[in-house]
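A short write-up of the structure that comes next.
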Amino acid sequence: MTIDRLSSLSAQIAALRAEMSRKSGDSRRKRDADDVENASVPAHEAKRDPDELRKQLVEIVRGVGVDDADALEQVRGRVVKAVLLWEFGQELREHAEWQPMVETIAGAMAADDRFRNAFNRLIVDLQV
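For what it's worth, UniProt numbering labels the leading residue of the sequence shown as 1, then goes sequentially.
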């Protein structure tokens, strides 16, 4: 994997984050006066609890061995989806590039030894 490909992936994520921020800003301006005190925090950020994400990831990786390549491939995509949805909110699924983005990130993780090793360590850590 080349640096350009990783940079492109980072650029896609940054662009997606900017678009999600813009959309949440647009929706905030449309809220009633009753929602003014919560308007500064997008709805998906208010629900972002790291402990909940960890519980979800523990469920996903339960029973997966780091030496089982097929199981790791299936789990990798599910973990990527869980993290993206936690970070950007459920409305991200409606984005036109949702599935290609998940596949690109999971593929990059599988193709690069550093990412693959870090992912394996994550699975081991979550299973402890």
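Cβ atoms here follow ideal geometry from the backbone N, Cα and C, with glycine treated the same way.
> Unbroken beta strand (DSSP E) runs of length 3 or more, entirely within the stretch 49 to 78: which are they?
Replying inline: none
>> Does residue 96 come out as helix, strand or coil in the three-state DSSP assignment?
In response: coil
> When you compare each of 88, 108, 72, 95 to residue 121 by their alpha carbons, which one comes out closest?
Replying inline: 72
> Tell me which same chain residues have a C-beta within less than 8 Å of the C-beta of residue 124, skipping the five on either side of it?
Replying inline: 66
> Tell me which same chain residues have a C-beta within less than 7 Å of the C-beta of residue 98, skipping the five on either side of it?
Replying inline: 92
> So, using beta-carbon positions, are residue 84 and residue 64 closer together than 8 Å?
Replying inline: no
> Residues in its own chain within less than 8 Å of residue 58 by CB, not counting five upstream and five downstream?
Replying inline: 126, 127
> Where residue 129 and residue 77 are concerned, what is the direct C-alpha to C-alpha distance, given to the nearest angstrom?
Replying inline: Residue 129 cannot be examined here, being either before or after the span of the chain that is shown, 1 to 128.
> Does the Cβ of residue 81 have 16 or more other Cβ atoms within 10 Å, making it buried, or fewer, making it exposed?
Replying inline: buried
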